[in-house]
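In the UniProt record's numbering, the protein residues as written are 1 to 263.
Right, dumping it as structure tokens:
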């Protein structure tokens, strides 16, 4: 993964406008849909069992976000993953709050085991808990650093043959063949609900056009967040500025801004 590959993937995404199915939480549906539209993809927030198999036959990828989990949604999400498997589509799992409760931890592990083509995108505490280690969290907020989750991420890669994206002050993208560190973004992004969820949704958009490493989405979200934070006074305006930055992002900006290293 390098700058040229990321720029090419963004161009392809905007040309193809892939459909991304999201079973996501009630808090961020609007945020995630707008982020997908801004980057150039086509979102649908579908959750009916009755249409899911048909939906996954023509959609590009499936995003599962367990933020507002309950017993009904668990079975709907499991069915959606099975439909994605049958259609050969990538599943992006956002294990929100994994480690905070037994329900969330068990559900996230069930979904990770169920998905045949898996990308996991979470914060450090979620990644550590998903791998079975002791993590530090406060509700859905991470108290672990992204660096501390690298070993857990590598374990998940081996266990599920997955790609893993760890969000934090430094973002890490961990795969079978390579690990990348991204040093973009801004601390204010943690003060806006749904920035991580939007990254998961955008990860699904890139997976739909064949960029399944997770690196392009993390790079683009980090650079867009950094740009947005430069011209706002607080998290309220950052939310709007982030959408504008995703919409306006181009190769020249990525070239001048992206801080990507291979570990």
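In this text, a Cβ means the ideal position worked out from N, Cα and C, and glycines have one as well.
| request: Can you grab the Cα-Cα spacing for the pair residue 150 / residue 108, in whole Å? | output: C-alpha separation (whole angstroms): 18 Å.
| query | Nearest to residue 269 by CA position, among 237, 219 and 232, is which residue? | reply | Past the edges of the chain, shown from 1 to 263, lies residue 269, and the structure says nothing about it.
| field | Extent of the continuous beta strand (DSSP E) to which residue 260 belongs | value | Following the DSSP letters along the chain, one finds residue 260 inside the beta strand (DSSP E) bounded by residues 260-262.
| message | Measuring alpha carbon to alpha carbon, tell me which residue in 238, 183, 27 and 20 is nearest residue 36. | response | Distance from the Cα of residue 36 is smallest, within the candidate group 238, 183, 27 and 20, for 20.
| request: Could you pull out every residue in the same chain whose Cβ sits closer than 7 Å to the Cβ of residue 245, ignoring the five residues on either side in sequence? | output: Within the same chain, Cβ atoms closer than 7 Å to the Cβ of residue 245 are found at 224, 227 and 228, the five residues on either side in sequence being excluded.
| task | Could you tell me which residues DSSP puts in a beta bridge with residue 7? | result | Under the DSSP definition of a beta bridge, residue 7 lacks any partner.
| message | Using C-beta distances below 7 Å, list every residue in its chain close to residue 152, excluding the 5 sequence neighbours before and after it, in chain order. | response | Same-chain partners within the cutoff: 127, 128, 131 and 133.
| query | Whole alpha helix (DSSP H) runs in the stretch 31-55 with 4 or more residues, listed along the chain? | reply | Within the stretch 31-55, no complete alpha helix (DSSP H) run reaches 4 residues.
| Considering residue 104, what are the terminal residues of the beta strand (DSSP E) in which it resides? | Counted as a single uninterrupted DSSP element, the stretch harbouring residue 104 is not any beta strand (DSSP E) but the alpha helix (DSSP H) occupying residues 102-114.
| Could you give the residue range of the beta strand (DSSP E) that holds residue 179? | Going by DSSP, residue 179 is part of the beta strand (DSSP E) stretching over 179-182.
| query | If you draw a straight line from the alpha carbon of residue 8 to that of residue 189, how long is it in whole angstroms? | reply | Rounded to whole angstroms, residue 8 to residue 189 spans 26 Å at the Cα level.
| query | Do the CB positions of residue 38 and residue 254 come within less than 7 Å of each other? | reply | Going by C-beta atoms, residue 38 is not nearer than 7 Å to residue 254.
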